[in-house]
Amino acid sequence: MEIEMQAIASRLTAPNAPGLRGALTDADGFPIAGCDLYAVRADRGRYDVLRNDYKRIMTELESRVIRGMQGDGEVMKGVGAPTPTPTPTEDAAPTENDVGRAFMVIDEIMDGCPGEVDGLRVGDRVCAVGNVTWGFEDPSASPPAEVLRNATQTFADNENSVVRVVVLRRGERVAVEVTPRAWSGRGLVGCHMRSV
């Protein structure tokens, strides 16, 4: 893009060329002699399109670099390089670690937080966080506070390590691998979860 812009600019600013801006007619209103008006108009139009695209791309790149900055000023690894979006894996058969019912629901996820990046979604009903589950003893009971504390503590105890989170999403059981980690926002996962 920059090379094409430079080539167009050098053609239009060569000796006896009309330049990037300005009139294509002389003082009497006649076309400039020795100038291919159609080619100049096409070059100017293409240059303007490239310049606008270049500005948009550079603005987007700048905002991505700024978002990729950590609190200590270091650029995160992989900024600017495409990274594959992790896709949650659907469990065909529940394992012993996710036998239980939902005890939390995700009601808020911050933009760009580890939870969002790793695949959690608003509305997911959490059935397991690591080894923390809640059984089926009393279907009408509310989850005890210790289950919620234990789930939160599991994230804290496993900073920068993968934690398997099993959620119900649109009626289907989905396992998501979440890596709690420091980021520009609050917490290690960046999600607000409340008791169901």
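Under my numbering, the first residue of the sequence shown carries the number 128, and numbering increases by one thereafter. Here a beta-carbon is modelled for each residue, glycine too, at the ideal position from N, C-alpha and C. Predicted, not measured: the structure shown is a model, and the values here were computed from it.
Item: Would you list the residues sitting across from Ser-322 in a DSSP beta bridge?; Value: Met-231
Item: What are the start and end residues of each continuous beta strand (DSSP E) run of 3 or more residues lying completely inside the region 278 to 314, in chain order?; Value: 290 to 296 and 299 to 305
Item: With DSSP as the reference, identify every bridge partner of Thr-152, one or two as the case may be.; Value: Pro-158
Item: So the candidates are Leu-164, Ala-141, Glu-286 and Pro-142; which of them puts its Cα closest to the Cα of Ala-150?; Value: Leu-164
Item: Which residue wins for smallest C-alpha separation from Gly-250, given the options Gly-172, Ser-311, Cys-318 and Arg-171?; Value: Cys-318
Item: Short check: CB of Ala-283 to CB of Val-253, under 8 Å?; Value: no
Item: Please classify Met-128 as buried or exposed, where buried requires at least 16 neighbouring CB atoms within 10 angstroms.; Value: exposed
Item: Cβ of Val-290 within 8 Å of Cβ of Val-305?; Value: yes
Item: Can you have a look at Met-196 and say buried or exposed, based on whether 16 or more other CB atoms are within 10 angstroms of its CB?; Value: exposed
Item: In angstroms with no decimal places, state the Cα-to-Cα distance between Glu-138 and Gly-146.; Value: Rather than Glu, the amino acid found at residue 138 in this sequence is Arg. Distance between the alpha carbons of Arg-138 and Gly-146: 8 Å.
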